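A.B. asks: Please read through the structure below; I'll follow up with questions.
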Amino acid sequence: MAKFGLSALDADILRTTFKKAVLEESIPESGWRKYAEELIQIYTGSQTVDPRLVDWMVSK
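Put into structure tokens, the structure is as follows:
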């Protein structure tokens with residue numbers, strides 16, 4: 166079931182998970198956006214991804 170709308174807590178969980186995975190899996194910066202998009206899609210169950218959320222997740 167798709168999750169509509171993300172809370173601030175959801176967004177923080179996604180960003181923390183993303184940052185941890187980037188470090189642990191040595192994901193190159195060139196692949197960060199794609200990885201963030203996939204993580205959001207898995208978490209929400211939706212193919213639609215807000216590019217602003219991705220921008221925020223990949224910001225340093």
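The sequence shown begins at 166 in this note's numbering and counts up one residue at a time.
Beta carbons: idealized from backbone N, C-alpha and C, even for Gly.
Quick caveat, the model's predicted, so the values are computed rather than measured.
From residue 178 to residue 208, what distance separates their C-alpha atoms?
C.D. replies: Rounded to the nearest angstrom, the two C-alpha atoms are 10 Å apart.
A.B. asks: What is the DSSP secondary structure of residue 195, reduced to helix, strand or coil?
C.D. replies: Of the three classes helix, strand and coil, the one that applies to residue 195 here is helix, per DSSP.
A.B. asks: So, are the CB atoms of residue 223 and residue 198 less than 7 Å apart?
C.D. replies: Going by C-beta atoms, residue 223 is nearer than 7 Å to residue 198.
A.B. asks: Between 220, 203, 176, 184, which lies nearest to residue 212 when the distance is taken from Cα to Cα?
C.D. replies: Checked all of 220, 203, 176, 184; the closest Cα to residue 212 is 203.
A.B. asks: Just verifying my parser: in three-state terms, what is the DSSP assignment at residue 187?
C.D. replies: Correct three-state label for residue 187: helix.
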